[in-house]
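Data block below; observations after.
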Amino acid sequence: MMVTFFLALLASSAMLTAIMAQQPQELKVLPQRCFHHKSHFREFFMTIPEVIQTFTIGIELGYGSSFTGDVEDVDPDTKLYYRGARIFRAIMNDLSRKGMQTAENAILTGTSAGGLATILNCDKFKSLLPDDARVKCVADAAFFINAKTISGTYDIQDEYRRVVTLHGSVKNLPPSCTSIMEPSLCFFPRNVVPYVQTPLFIINSQYDSWQVNHIWVPKYLDPQHVWKNCNSHISNCTFSQRMIIQGYGVEFLKAFLGLTPSFTRGYFITSCYSHGEIVWTNYWFSPTSPRVLNKTIAKAVTDWYFNRAGFHQYIDPYPCARDCALSPS
């Protein structure tokens, strides 16, 4: 029997906004806890003959350090404990006692802030499992880039600097990264992915709608709300807005393709104007799923996971941002 563990690090869009804004009233909304989670990832893997028994666990991010926080004292103003790294270790130890140490296959995955947590904790996750287990990580909608706003300022880097300081994250970021650059820069996947030793698959849109609307054109730079209708659907955007979004796609690919090559790393980059790919069945595996070289995201990931093909790097050649058929299920 092949025992497979799926561990999903979950974050909502409100959670990701809280990460950037560090607003205590938002940070208190989502308690950090372990709970069962329906996973399209799991549903697809269950169609594979080799996978006989699976266990799916969801861990909800309670605040904004992607499980890197480790502060001794309680915050006197918010009364919050910034101890995400300790919580991650405690949950992993608990899961090991409950059978995770017997897993033959294990996947750490997450979307958005959970995807960033996946990248930052991927090697730690592997170290907790048997040496002969097939352990890999899948980060979805997590390749946040250090881009300037349309006004020319690096606001996202300033936000990350505040996150690292508030949560005491430095000690839990890869020393190979923090030893050569400012710790806040090690929150950007572009700078930390080269140091991840565990096989990693990255799923993202080069026109990530969250990044466009929070990094490239944040709300405070849009006082007249001219971007409001453009937030969710590219079809609602004006020609000039589409050109601005196109510019972000160029910056994204420049950052992404600047990664050092790796034979164990796979990726699937779409041109969909969206944020979060594996949370939608229509996006993950369905007749309407985005395809590159006639492969869905699900097929590309499973081929990579089971080493079924030598090519695992897919970039949608569609020349501009587009709306893709997505619907919750």
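Numbering (mature numbering (1 follows the signal peptide of the UniProt record, and there is no 0)), first residue to last: -21 to -1, 1 to 308.
Note that the Cβ used here is the ideal one computed from N, Cα and C, for glycine as well.
Across which residues does DSSP place residue i in a beta bridge pair?
| i | result |
| --- | --- |
| A118 | G89 and I181 |
| F247 | I182 and Y293 |
| S274 | As written in the sequence, residue 274 is Lys, which differs from the Ser given in the question. K274 is bridged to V271. |
| R221 | Beta-bridge pairing links R221 to no other residue. |
| R113 | N84 |
| R301 | C251 |
Within this structure, are the beta carbons of residue i and residue j separated by less than 8 Å?
| i | j | result |
| --- | --- | --- |
| R287 | I213 | no |
| Q292 | Y262 | no |
| D295 | S250 | yes |
| V149 | V143 | yes |
| L179 | R76 | no |
| Q185 | I129 | no |
| G93 | L(-13) | yes |
Taking C-alpha atoms, which residue in the options lies nearest to residue i?
| i | options | result |
| --- | --- | --- |
| G255 | C209, K207 and F122 | F122 |
| F104 | A64, M222, V191 and S268 | A64 |
| I98 | L107, S106 and T88 | T88 |
| Y174 | S184, S163, T157 and Y186 | T157 |
| I135 | S163, K115 and F218 | S163 |
| N125 | F46, P266 and I194 | I194 |
| P119 | G78, R76 and P168 | Inspection of the sequence shows that residue 119 is occupied by Asp rather than by Pro. Of the listed residues, the one whose Cα sits closest to D119 is P168. |
| D56 | L145, K127 and P197 | L145 |
| T132 | G289, S265 and P197 | P197 |
| V172 | A69, D102 and Q220 | D102 |
| S241 | W189, R68, A92 and I181 | I181 |
| N183 | Y284, P269 and R68 | P269 |
| N192 | A69, Y227 and L107 | Y227 |
| A69 | K58, T90, S91 and L107 | L107 |
| C303 | F285, M79 and T267 | T267 |
| T239 | Y284, M79 and N170 | N170 |
Could you tell me the alpha carbon to alpha carbon distance between residue i and residue j, rounded to whole angstroms?
| i | j | result |
| --- | --- | --- |
| D111 | Q225 | 44 Å |
| S211 | P109 | 43 Å |
| N100 | P154 | 13 Å |
| A85 | R113 | 6 Å |
| N151 | D187 | 27 Å |
| V229 | G237 | 12 Å |
| C299 | K233 | 15 Å |
| R62 | F46 | 8 Å |
| Y139 | V205 | 27 Å |
| Y297 | D54 | 48 Å |
| I223 | C216 | 10 Å |
| C116 | L95 | 11 Å |
| N72 | T81 | 13 Å |
| I257 | S265 | 12 Å |
| C165 | G48 | 14 Å |
| S253 | N208 | 14 Å |
| Y60 | D52 | 7 Å |
| L272 | G147 | 43 Å |
| K127 | L74 | 41 Å |
| K274 | S219 | 32 Å |
| Q4 | V280 | Only weak support exists for where Q4 lies, its pLDDT of 29 falling under 50; the value from the coordinates is given anyway. C-alpha separation (whole angstroms): 37 Å. |
| A(-1) | S44 | With a pLDDT of only 38 at A(-1), under the threshold of 50, the placement of this residue in the model should not be trusted; the figure read from the coordinates follows. When rounded, the distance between both Cα atoms is 12 Å. |
| I66 | T177 | 21 Å |
| D282 | R221 | 34 Å |
| D137 | A277 | 35 Å |
| F290 | V50 | 42 Å |
| Y199 | F231 | 22 Å |
| L6 | K58 | Confidence is the limiting factor: at L6 the pLDDT is only 27, short of 50, which leaves the residue's position unreliable, though a coordinate-based value still follows. Roughly 11 Å separates the two Cα atoms. |
| Q203 | E161 | 35 Å |
| F285 | F235 | 24 Å |
| Q190 | S91 | 10 Å |
| M79 | I159 | 35 Å |
When every heavy atom of the ligand NAD is checked, does at least one fall within less than 7 Å of the C-beta of residue i?
| i | result |
| --- | --- |
| R169 | No copy of the ligand NAD appears in this structure; indeed no ligand is present at all. |
Would you say residue i reaches chain B, if we count a Cβ-Cβ gap shorter than 8 Å as a contact?
| i | result |
| --- | --- |
| T281 | This model lacks chain B altogether, as it is built from one protein chain only. |
Kindly provide the ranges of any beta strand (DSSP E) runs that are 3 or more residues long and lie completely inside the stretch 149 to 203, ordered along the chain.
Counting only runs that start and end inside the stretch 149 to 203, the beta strand (DSSP E) elements of at least 3 residues fall at 179 to 184.
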